[in-house]
Ligand SMILES: Cc1ncc(COP(=O)(O)O)c(C=O)c1O
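Structural data, given as structure tokens:
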């Protein structure tokens with residue numbers, strides 16, 4: 003059956019950005035039966051033994067536990083175990099109270115804040131926060147007279163933002179400026195404040211810090227400047243902290259979460275080892291949190307509670323913060339070192355190339371300024387030598403301007419082994435030399 007689709011139906015039943023490329027990758031891996039591919043496209047975090055053990059231990063503790071709170075069941079009839087309470091019952095839309103309290107206390111203690119429960123909302127993954135916000139704050143106003151923009155202040159950014167709005171024309175991204183260290187073959191994107199427009203036509207602002215795909219970390223001053231531009235218009239600024247401290251702490255440069263009246267600080271436990279449990283946390287002003295909570299009630303009632311119950315233990319005991327700093331962060335930071343050292347050695351000296359500074363996240367981002375083909379074609383060339391990366395053009399959602407740079411980059415996942423990364427980068431260097439050479443001789 004082929005049901006007629008609404009405008010929104012047609013739009014939402016299409017895969018956007020990297021999800022569309024993933025289809026090609028899955029088909030490539032399936033078709034190349036005998037061929038061994040080095041897959042440097044993955045966004046799934048590595049299952050690190052210490053992290054899996056933490057979640058096993060927390061699960062065992064949950065299974066062994068009994069309810070201690072009289073409001074969890076009728077004490078006259080039975081004392082339900084906490085397991086029964088979280089798995090066999092519906093709960094509040096805002097989230098599982100013990101989890102909210104654990105996050106509240108941890109943030110207050112770590113960052114000297116004064117958060118109350120009303121500042122916190124738990125969502126099924128952090129992607130859903132961006133969906134709620136993009137559609138609650140962005141799009142057409144109630145009287146239809148104004149289109150409120152969803153502003154991405156620095157492009158490239160997370161490909162998932164491309165699919166969050168029901169009003170695609172609302173999404174607008176801004177070209178950055180580039181800080182280039184040619185000698186070192188390194189660069190860094192910075193927001194271009196001379197272009198960035200945040201005004202009465204802005205519904206909300208979203209960016210990732212650390213950034214997927216580039217590993218960039220916007221500085222504290224840059225974040226504060228964006229928040230200050232948005233404040234006079236009461237525009238919420240969502241700081242996507244899926245890779246930030248305190249968990250998963252995938253920052254390789256110093257950074258602290260930044261709170262503010264119009265900032266919604268968004269956390270994900272996916273890269274801390276719970277992607278399947280779908281846990282997102284929004285922290286912000288109670289009025290903004292309330293809007294998102296109502297959106298959530300309408301959409302899916304609440305986030306699953308089992309994941310929240312085990313995460314309560316991991317956060318309250320301090321174990322999650324410790325493992326993030328001592329296991330998760332060093333693991334990926336070392337992978338980035340493998341990528342940069344191999345490229346430094348293997349890339350031809352006469353070929354222009356620039357690696358984005360590795361400030362965090364689980365990816366590295368390579369720019370080939372004189373690439374004589376598109377990023378998609380280069381991706382195809384790499385497939386021929388058994389290396390799969392992600393073409394960079396998927397990471398510019400909302401960017402309207404023509405900018406050759408969007409087709410000169412690739413994303414390399416740091417989830418592979420050292421050996422795979424080394425071989426992958428050596429093959430990449432060889433292919434890059436060949437494709438640049440072909441143009442010179444033709
Ligand atoms: C920057 C960024 N934001 C959000 C998400 C979505 O994460 P979640 O699993 O919490 O929905 C991802 C996932 O890779 C991401 O990279």
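Numbering (our numbering), first residue to last: 3 to 444. Positions of the beta carbon are idealized from the N, C-alpha and C atoms, including for glycine. Computed from a predicted model, the values in this text were never measured in an experiment.
For residue 85, the uninterrupted alpha helix (DSSP H) run begins and ends at 84-89, by DSSP. Taking a cut-off of 6 Å from the heavy atoms of ligand 1, the residues with a C-beta inside it are 45, 127, 128, 129, 160, 162, 210, 214, 242, 244, 270, 272, 277 and 282. Beta-carbon to beta-carbon, residue 380 and residue 373 are separated by about 6 Å, close enough to satisfy the 8 Å threshold. For residue 239, the enclosing beta strand (DSSP E) starts and ends at 239-242.
Scanning the stretch 220-278 for uninterrupted beta strand (DSSP E) segments of 3 residues or longer gives 239-242 and 265-270, listed from N- to C-terminal end. Counting only the Cα atoms, residue 122 lies some 17 Å from residue 138. Comparing C-alpha distances from residue 408 to each of 157, 51, 184 and 249 shows the shortest one belongs to 157. Short of 6 Å from the beta carbon of residue 330, and not among the five residues preceding or following it, lie these beta carbons of its own chain, in chain order: 250.
Under DSSP, no beta-bridge partner is assigned to residue 306. Look at residue 131 here: in three-state DSSP terms it is helix. Taken atom to atom, the span from the alpha-carbon of residue 411 to that of residue 393 is near 7 Å.
Residue 232 and residue 98 do not touch by the CB rule: their CB atoms are close to 31 Å apart, not below 8 Å. Straight across, the Cα-Cα distance linking residue 228 with residue 239 is about 8 Å. The DSSP assignment places complete alpha helix (DSSP H) segments of no fewer than 4 residues inside the stretch 310-341 at 321-325, in order along the chain. The straight-line gap separating the alpha-carbon atoms of residue 432 and residue 133 is approximately 41 Å. For residue 367, the three-state secondary structure derived from DSSP is strand. Taking C-beta separations shorter than 6 Å and ignoring five residues to either side along the sequence, the partners of residue 378 in its chain run 393, following chain order. Note on geometry: alpha-carbon atoms of residue 194 and residue 180 lie some 9 Å from one another. Sequence-distant partners of residue 112 (beyond 5 residues in either direction) whose C-beta falls short of 7 Å from its own C-beta, in its chain, are 248. By the criterion of a C-beta distance shorter than 6 Å, residue 397 is surrounded in its chain by 158, 161 and 215, once the five residues flanking it on both sides are discounted. In the structure shown, the three-state DSSP call for residue 216 is coil. Assignment of alpha helix (DSSP H) within the stretch 5-76, counting only whole runs of 4 or more residues, yields 9-14, 19-33 and 51-66 in chain order. Beyond the five residues adjoining it in sequence on each side, residue 188 comes within less than 7 Å, by CB distance, of 356, 357 and 359 in the same chain, given in chain order.
When the alpha-carbon of residue 417 is set against those of 404, 24, 28 and 49, the nearest one is in 49. Looking at the backbone, the Cα of residue 245 and that of residue 289 are separated by about 26 Å. Taking C-beta separations shorter than 8 Å and ignoring five residues to either side along the sequence, the partners of residue 203 in its chain run 148, 149, 150 and 151, following chain order. According to DSSP, residue 173 shares a beta bridge with 152. Inside the stretch 352-418, DSSP marks whole alpha helix (DSSP H) runs of 4 or more residues at positions 377-386, from first to last along the chain. Listed in chain order, the non-local C-beta contacts of residue 263 below 8 Å within the same chain comprise 233 and 287, local neighbours out to five positions each way being set aside. Nearest neighbour of residue 341 by Cα position, chosen from 19, 403, 425 and 285, turns out to be 425.
Contact fails between the stretch 84-104 and the stretch 254-270, because fewer than three Cβ pairs, one in each stretch, are under 8 Å apart.
Rounded to the nearest whole angstrom, the CA to CA distance from residue 389 to residue 401 is 28 Å.
The three-state reading of DSSP puts residue 345 in helix, counting H, G and I together.
By the CB criterion at 8 Å, residue 325 and residue 56 fall inside the cutoff.
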